[in-house]
Amino acid sequence: MAYEMIEVRVEAEKVGIITLNRPKALNALNDQLMNELGEALKAFDADKNIGCMIITGSEKAFAAGADIGAMAKYSFADAYGGDYITRNWEAIRSIRKPVIAAVSGYALGGGCELAMMCDFIIAADNARFGQPEIKLGVIPGAGGTQRLPRAVGKAKAMDLALTGRMMNADEAERASLVSRVVPVDKLMEEALGAAIIISGFSQLAVMAAKESVNRAFEGSLNDGVMFERRLFHALFATNDQKEGMDAFVNKRQAQFSNS
Ligand code: CAA
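Using my numbering, the letters of the sequence shown map in sequence onto residues 320 to 578.
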């Protein structure tokens, strides 16, 4: 598929990189961009050679939110009945391989929500996160009021959602929204390094780890621990478990076959 609003490339033969590319609108997320992003993620997810994906933007903006121009005149019937604003945002939730958000510049509104839908966020030191929808007379509409408190706790989530202020990369790291902060010129190197490490492991174990960590956000601790245990036990049916443990015992490098 030919893309117009994203750029797609493969690095190190196993990492799929998607760059949001609507520079004039600071990567504002419209229907077409989100459709293309969903298609690209699904294609990488289905590609056996790809072990991890990275979503990134430009140095100035990861994404400045949903496209305000496109939705400014929507009625309730358009927004609810047609679900035109976020109808194609769910594709990313069906992706089973890990997706890293490499964020520099603005990650606001839907941009912050998109970053939070990824499995973890690596931020450049110029990153700015926020949910400024309140300033537009609305609230976050792509999971911000749910994922932000789970990531940073109620106090900071309320602060951001109610005041619309931005948080810089240091504050985002202290609040556990991001896993690492690096100088802006090292962002892709850092994200790619993490993605290459992940891609070197058994895809089966990696998908199980992702699925199990995500379970921590739904249901009880008891259910989550049981879910994790079942997946842990199931991995003993894989060749990669035999290979990984045999390699450790025999002091050699494991060669995973994703089987
Ligand atoms: N939608 C559409 N266009 C946007 C946009 C958005 N979310 N954000 C920026 N742009 C456009 C601007 O309109 C401008 O276009 P023109 O050059 O044609 O005028 C261009 O991008 C550059 O933007 P600015 O001139 O404003 O750049 P700046 O450096 O002065 O400010 C900014 C940067 C602080 C990010 C500012 O652009 C801004 O506040 N953007 C809006 C952020 C926002 O409110 N996001 C939430 C959107 S609602 C949402 O996301 C709902 C949801 O939960 C799903």
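Heads up, the beta-carbon is just placed ideally off N, CA and C, and yes, glycines get one too.
Chain C contact for D438 (CB, 9 Å cutoff): No chain C is part of this structure, which consists of one protein chain only.
Spatial distance of A442 from L339 (CA atoms): Taking the straight line from one Cα to the other gives about 16 Å.
beta-carbon Y425 near the ligand CAA non-hydrogen atom, thresh 8 Å: Yes, since a heavy atom of the ligand CAA falls inside the 8 Å radius drawn around the Cβ of Y425.
The stretch 462 to 473 contacting the stretch 381 to 389, beta-carbon criterion three pairs below 8 Å: Flag = no, the stretch 462 to 473 and the stretch 381 to 389 do not touch.
Backbone secondary structure at N487 - three-state DSSP: Three-state DSSP puts N487 in a strand.
beta-carbon K392 near the ligand SAM non-hydrogen atom, thresh 8 Å: What this structure holds is the ligand CAA, not the ligand SAM.
Close Cβ partners of A383 (< 8 Å) along its chain, the five nearest in sequence each way excluded: Here the set comprises A344, L345, N346, A347, Y425, L427, G428 and G430.
Simplified DSSP state of T482, which is helix, strand or coil: Residue state, collapsed to three classes: helix.
Test item: CB-CB of A421 and A510 under 9 Å: Their beta carbons are under 9 Å apart, which means A421 touches A510 by this criterion.
Own chain, CB closer than 6 Å to I373, minus 5 neighbours either side, in chain order: Only I336, I419, A421, A510 and A514 meet the Cβ criterion.
Extent of the continuous alpha helix (DSSP H) run through V568: Looking at the DSSP string, the run of the alpha helix (DSSP H) that includes V568 is N558 to V568.
Counted within 10 angstroms of its Cβ, other Cβ atoms place Q450 as buried (16 or more) or exposed: Buried, because 16 or more other Cβ atoms sit within 10 Å of the Cβ of Q450.
Proximity to I404 [Cα-Cα], best of A359, A365 and L352: The residue among A359, A365 and L352 with its C-alpha nearest the C-alpha of I404 is L352.
Whole-angstrom C-beta distance between I414 and L360, which should lie under 8 Å: Sure, about 5 Å apart at Cβ, within 8 Å.
Length-filtered (3 minimum) beta strand (DSSP E) runs lying within the stretch 421 to 451: Within the stretch 421 to 451, the complete beta strand (DSSP E) segments at least 3 residues long are 425 to 427, 439 to 443 and 447 to 449, listed from N- to C-terminus.
Cβ neighbours of E547 in the same chain (closer than 8 Å, five flanking residues each side left out): Correct list, in chain order: S531 and R534.
Integer-rounded CB distance, given that S578 should sit under 8 Å from D565: The pair is not a contact, with the Cβ atoms about 14 Å apart (cut-off 8 Å).
Buried versus exposed call for L481 [16 or more other C-beta atoms within 10 Å across all chains shown]: Under this definition L481 is an exposed residue.
Secondary structure of R328, DSSP reduced to three states: If DSSP states are grouped into helix, strand and coil, R328 belongs with the strands.
Three-state class that DSSP yields for F520 in the structure shown: Coil, per DSSP.
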